[in-house]
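The listed protein sequences derive, respectively, from chains A and B. Following this note's numbering, the residues of the first sequence are numbered contiguously, the last one being 259. Following this note's numbering, the residues of the second sequence are numbered contiguously, the last one being 518. Notes follow the structure.
Protein chains: 2
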Amino acid sequence: MPELTLTFLGTGTSMGVPVIGCECRVCTSSDSRDRRTRSSIFARTPECAWVVDTGPDFRAQCLREGIGALDAAVFTHSHTDHVAGFDDLRPLCPFPKGLPIHASPSTMRDLRRMFGFAFEGKNQFPGYLRPIPSEFTGPFFLGKTELVPLSLRHGRADVNGFLFVRDGVKLAAYLSDCNEVPPEVIEQISGVRALIIDALRHRPHPTHFTVAEALEISRQVGPLETWFTHLCHELPHAETSANLPAGVRLAYDGLKLEL
Amino acid sequence: MPELTLTFLGTGTSMGVPVIGCECRVCTSSDSRDRRTRSSIFARTPECAWVVDTGPDFRAQCLREGIGALDAAVFTHSHTDHVAGFDDLRPLCPFPKGLPIHASPSTMRDLRRMFGFAFEGKNQFPGYLRPIPSEFTGPFFLGKTELVPLSLRHGRADVNGFLFVRDGVKLAAYLSDCNEVPPEVIEQISGVRALIIDALRHRPHPTHFTVAEALEISRQVGPLETWFTHLCHELPHAETSANLPAGVRLAYDGLKLEL
């Protein structure tokens, strides 16, 4: 059994692919890898499992991947496309102990504002979500995996990526939403086995990396493999993949990495 | 062309059907009518179109039904299963004029709390949602259709149903979330052509009607046809339908009513 299995629950940008009402060649593509729900990743280790982010597609993603249990939920930031499915953690919430929610203090503040009914704990009914807030300000463990929060710039927002380390080995770094990776983070994730990074499209964007910018970060980090995520409808899977250098690939919904 | 076409975007309860992790006979049913996304309805008239509620499945529902344009969004209440897809109104938002959002003052307050980034209007980018808040305190018109807000009890929450009237004809009443319909509302919707009403399951629930309770309301209202919605995984479509009286049926995702 691999130490860490990562499943891409979603690899799309905030509007997903297809975009509602759009008739471009990617939005009408018959390649299933061109159907992208909102970005999220599911991590399974021999001793526990967690999800990073719960966008609006979270329930559909769990059904698609047969996810029926979770030990924690971890959040990168509070933008709607990463948190709107928060209440769909309900059927995955252990009763009565509740589900640990790991987020930065500012992301937790936003989760409390948006989903106050869950945090207030007024509903003690078995069917309701009982979040156990756990604000991180540094590395923390889920089972034997160390999660190292990484501070990234995402336009005007400060967001988190995560480095997953087991037995001192940097297995994966998940940087789903960013347009800047500070030098100290490059250093932290240097030599990671799998780099998963935002690569929205080719045209510049004020809050996301382009493909060229993500390639440059990959070059600086020097991972064994690089996977692009948070992809918009300007990147057809097959054609974009064919033009990437060795070791760099586009992720797609349902892709599993065994690390 | 019918005066009013209603499409059930979703007919499920807050957790949808299948429920994540559930292996009951409805959650594992092969009958497509047993797959229920979160309750919402799409209304089209010769002159305009609107949606009632935008749950977490809203984007998937629009893609399924080929919805590419909207003139307004209307809300029954602010529970997560009815609003989590709010930001997915983005690709349906006319630019630059924005999209009228019709909600009661208390529901609008919650929408502003949850989706402040949209209401603040800081993002003038064409791709962002620009809601035009319109708080109702009485009947209002969308095109030639009069929408009469109905005050309902939904556990401890006050929520709205809506009566759709054209040329003085009560075409439909949509009461998706309730466990009490006040006598004055019964009177208002009396004789409506199509009554669409919450019928969660057979067992009692603190905030939703049971099938028997919904049947009793239907008897009091006297509609031409009654459709049950907001259905949980305890109601198999075929078997439940077979036991309903004439004129009363279970709705299902994708069902269209031409009124």
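Cβ coordinates follow ideal geometry from the N, Cα and C atoms, glycine included. In this text the structure is predicted, and so the values were computed from the model without any measurement.
G271(B) burial status per 10 Å Cβ neighbour count (16 or more: buried): Within the second sequence, the letter at position 12 stands for residue 271(B). Its Cβ being crowded by 16 or more others within 10 Å, G271(B) is buried.
Same chain only: Cβ atoms within 6 Å of V192(A), ignoring 5 sequence neighbours per side: Locating residue 192(A) in the first sequence gives position 192, counting from the first residue. Here the set comprises K170, A173 and P223.
Where A365(B) falls: helix, strand or coil (DSSP): For the purposes of this step, residue 365(B) is identified with residue 106 of the second sequence, where counting begins at 1. At residue 365(B) the sequence reads Ser, which differs from the Ala that was named. DSSP places S365(B) in helix when its eight states are reduced to three.
Between the CA atoms of A194(A) and E258(A) - distance to the nearest angstrom: For the purposes of this step, residue 258(A) is taken as the residue at position 258 of the first sequence. For the purposes of this step, residue 194(A) is taken as the residue at position 194 of the first sequence. Each residue's Cα considered, the two are about 10 Å apart.
Within the stretch 289 to 349 of chain B, ranges of the beta strand (DSSP E) (whole runs, at least 3 residues): 299 to 303, 308 to 311 and 331 to 333
Residues sharing a beta bridge with T456(B), DSSP: Stepping through the second sequence from its first residue, residue 456(B) is reached at position 197. The residue you asked about is not Thr; residue 456(B) is Ile in the sequence shown. Answer is L434(B) and F487(B), bridged to I456(B).
Chain A contacts made by the stretch 343 to 359 of chain B, where a contact means CB separation under 8 Å: A343, G344, F345, D346, D347, R349, P350 and L351
Backbone secondary structure at T240(A) - three-state DSSP: As a working mapping, residue 240(A) is identified with position 240 in the first sequence. Note: T240(A) maps to helix in three-state DSSP.
L111(A) versus F374(B): straight-line alpha-carbon distance, rounded: Within the first sequence, residue 111(A) is the residue found at index 111, counting from 1. Within the second sequence, residue 374(B) is the residue found at index 115, counting from 1. Going from the Cα of L111(A) to the Cα of F374(B) covers about 12 Å.
Supposed close pair L150(A), G161(A) - CB separation, criterion 8 Å: Position 150 of the first sequence, counted from the first residue, corresponds to residue 150(A). Position 161 of the first sequence, counted from the first residue, corresponds to residue 161(A). At roughly 4 Å, the Cβ-Cβ gap stays under 8 Å, so L150(A) and G161(A) are in contact.
Reduced DSSP secondary structure (H/G/I, E/B, other) of A157(A): Within the first sequence, residue 157(A) is the residue found at index 157, counting from 1. Reduced to three states, the DSSP call for A157(A) is strand.
R478(B), DSSP secondary structure in three states: The residue you call residue 478(B) lines up with position 219 of the second sequence. Helix at R478(B).
Residue interval of the alpha helix (DSSP H) (run including I445(B)): Residue numbering aside, residue 445(B) sits at position 186 when the second sequence is read from its first letter. Residues P442 to I448.
Backbone secondary structure at R462(B) - three-state DSSP: Residue mapping note: residue 462(B) aligns to position 203 of the second sequence, counting from 1. In the structure shown, R462(B) sits in coil (DSSP, three-state: anything other than H, G, I, E or B).
The stretch 193 to 208 of chain A in contact with the stretch 232 to 251 of chain A per 3-pair CB rule at 8 Å: yes
Boundaries of the beta strand (DSSP E) in which F8(A) is found, first to last residue: Stepping through the first sequence from its first residue, residue 8(A) is reached at position 8. Looking at the DSSP string, the run of the beta strand (DSSP E) that includes F8(A) is T5 to G10.
Alpha carbon of R478(B) to alpha carbon of C437(B), nearest angstrom: Within the second sequence, the letter at position 219 stands for residue 478(B). Within the second sequence, the letter at position 178 stands for residue 437(B). So the two alpha carbons sit approximately 16 Å from each other.
Cβ-based neighbour list, D88(A), same chain, cut-off 6 Å, excluding 5 preceding and 5 following: In the first sequence, counting from the first residue as 1, residue 88(A) sits at position 88. Contacts found: F58 and R59.
Chain B within 8 Å of I132(A), Cβ atoms only: As a first step, residue 132(A) must be located in the first sequence, where it is residue number 132. No, no contact with chain B.
Beta-carbon neighbours of V17(A), restricted to chain B and to distances below 7 Å: The residue given as residue 17(A) occupies position 17 in the first sequence. Correct list: empty, because the minimum Cβ distance to chain B is about 10 Å.
Residues sharing a beta bridge with L517(B), DSSP: Numbered from its first residue, the second sequence carries residue 517(B) at position 258. The identity of residue 517(B) in the sequence shown is Glu, whereas the question assumes Leu. For E517(B), which the question treats as bridged, DSSP gives the partners T264(B).
V311(B) versus T339(B) - alpha carbon distance: Within the second sequence, the letter at position 52 stands for residue 311(B). Within the second sequence, the letter at position 80 stands for residue 339(B). Spanning the two alpha carbons is a distance of roughly 14 Å.
Any 3 or more C-beta pairs closer than 8 Å across the stretch 320 to 340 of chain B and the stretch 18 to 37 of chain A: yes
Where R36(A) falls, given that 16 or more other Cβ within 10 Å makes a residue buried: Sequence index remark: in the first sequence, residue 36(A) carries index 36 (1-based). Buried is the call here.
Contacting residues, own chain, Cβ-Cβ under 8 Å from D290(B) (five flanking each side not counted): Taking the first residue of the second sequence as 1, we reach residue 290(B) at position 31. Hits under 8 Å: P495, H496 and A497.
First and last residue of the uninterrupted alpha helix (DSSP H) at F378(B): The residue you call residue 378(B) lines up with position 119 of the second sequence. Start and end: G375 to F378.
7 Å Cβ cut-off: residues of chain A touching P315(B): Residue numbering aside, residue 315(B) sits at position 56 when the second sequence is read from its first letter. From the beta-carbon of P315(B), the residues of chain A found nearer than 7 Å are P56, R59, A84, G85 and D88.
Coil, strand or helix - E213(A) by DSSP: In the first sequence, counting from the first residue as 1, residue 213(A) sits at position 213. Residue state, collapsed to three classes: helix.
CA-to-CA distance, L129(A) to K122(A), given in whole angstroms: Your numbering for residue 122(A) matches position 122 in the first sequence. Your numbering for residue 129(A) matches position 129 in the first sequence. C-alpha separation (whole angstroms): 11 Å.
R371(B): CB within 7 Å of a non-hydrogen atom of the ligand GTP: By its list of ligands, the structure shown contains no ligand whatsoever, and the ligand GTP lies outside what it can speak to.
Residues bridged to P131(A) (per DSSP): The count along the first sequence starts at 1 and reaches residue 131(A) at position 131. Note: P131(A) sits in a beta bridge opposite L99(A).
Per-residue contacts from A69(A) into chain B (C-beta, under 8 Å): As a position in the first sequence, residue 69(A) is number 69, starting the count at 1. In chain order: G280.
Chain-ordered neighbours of C491(B) on chain A, where CB pairs are closer than 8 Å: Numbered from 1 along the second sequence, position 232 holds the residue referred to as residue 491(B). Result: empty, since nearest Cβ-Cβ is about 10 Å, beyond 8 Å.
Rounded C-alpha distance that separates F141(A) from F228(A): Counted from its first residue, the first sequence places residue 141(A) at position 141. Counted from its first residue, the first sequence places residue 228(A) at position 228. Put simply, the backbone Cα of F141(A) is about 26 Å away from that of F228(A).
Whole-Å CB distance - K403(B) paired with T266(B), under 8 Å assumed: Stepping through the second sequence from its first residue, residue 403(B) is reached at position 144. Stepping through the second sequence from its first residue, residue 266(B) is reached at position 7. A Cβ-Cβ distance of about 19 Å is found for the pair K403(B) and T266(B), leaving them out of contact under the 8 Å criterion.
Among P206(A), T240(A), H205(A) and I196(A), the one whose alpha carbon lies nearest that of V221(A): Taking the first sequence and counting its residues from 1, the one referred to as residue 221(A) is at position 221. Of the listed residues, the one whose Cα sits closest to V221(A) is I196(A).
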